[in-house]
Amino acid sequence: MKVIRYALFSLMGMLLINSADAGNISTSLKVSLTIVETCEVSTQGNLDFGSVVRSQPVAGARTDVSVQCSQNTPYQLAVTSDNNFELKSAASTASVAYVLYQDAGHTQIWGGSADKIHSRIATGMKENIPIHGAITSSTNVQATKYEDWVRVNVIY
């Protein structure tokens, strides 16, 4: 009788243990990663033609723009002017025209139109890109300071 009672208790214990394992529940979660491209742009100073005596030729000027985009990011650099590439002054109605070039030989003009945009594939490192300037009109205008604002846009 003791053996039967012991066997019954053992059987009941096993049933209780198995009933605890009788259910199964789960959930799911998504694992994701979004890769983005990024670019930073900065100037290394203003493009300053300096001072010139009226009616005298003006030496060219140069500055650099630094661009750093994530590696293998295709990007374009466009340069636009607030005054249509003319230096102006509040003290004068005159203006002084200038052109910005991508190269020291003044063969590739900077601008905002498709034929004047600089296209590259980023290396991931900071790249210094030159901007060369040349005065293209007479400096026989009122003696004062003439200025323009240029915007360098990185499209990626």
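Position 86 of the sequence shown, counting from 1, maps to 85 under numbering that gives the first Met the number 0, and the rest follow consecutively. Each residue gets a CB set at the ideal place from its N, CA and C atoms; glycine is no exception.
With distances taken from CA atoms, which of 50, 147, 22, 38 is nearest residue 85?
The sequence position of residue 85 within the sequence shown is 86, counting from 1. The residue with the shortest Cα to Cα distance from residue 85 is 147.
Check whether the Cβ atoms of residue 156 and residue 70 lie closer than 9 Å to each other.
Coverage of the chain is limited to positions 0 through 155, which leaves residue 156 absent and any answer about it impossible.
Exposure label - residue 76; buried when at least 16 CB within 10 Å:
As a working mapping, residue 76 is identified with position 77 in the sequence shown. Flag for residue 76 reads buried.
Assuming residue 78 and residue 128 make a contact with CB atoms under 8 Å, what is their CB distance in whole Å?
Position 79 of the sequence shown holds residue 78. Position 129 of the sequence shown holds residue 128. Contact flag wrong, Cβ pair sits at about 10 Å.
With a Cβ-Cβ cutoff of 9 Å, do residue 133 and residue 105 count as a contact?
The residue given as residue 133 occupies position 134 in the sequence shown. The residue given as residue 105 occupies position 106 in the sequence shown. A contact, by the Cβ cut-off of 9 Å.
Taking buried to mean at least 16 other C-beta atoms within 10 Å of its own C-beta, is residue 30 buried or exposed?
Taking the first residue of the sequence shown as 1, we reach residue 30 at position 31. Residue 30 comes out exposed.
Around the Cβ of residue 55, are there at least 16 other Cβ atoms within 10 angstroms (buried) or fewer (exposed)?
Numbered from 1 along the sequence shown, position 56 holds the residue referred to as residue 55. By the 10 Å Cβ count, residue 55 comes out exposed.
Quick one: using the 10 Å Cβ neighbour count with 16 as the cut-off for buried, is residue 99 buried or exposed?
Your numbering for residue 99 matches position 100 in the sequence shown. Burial call: buried.
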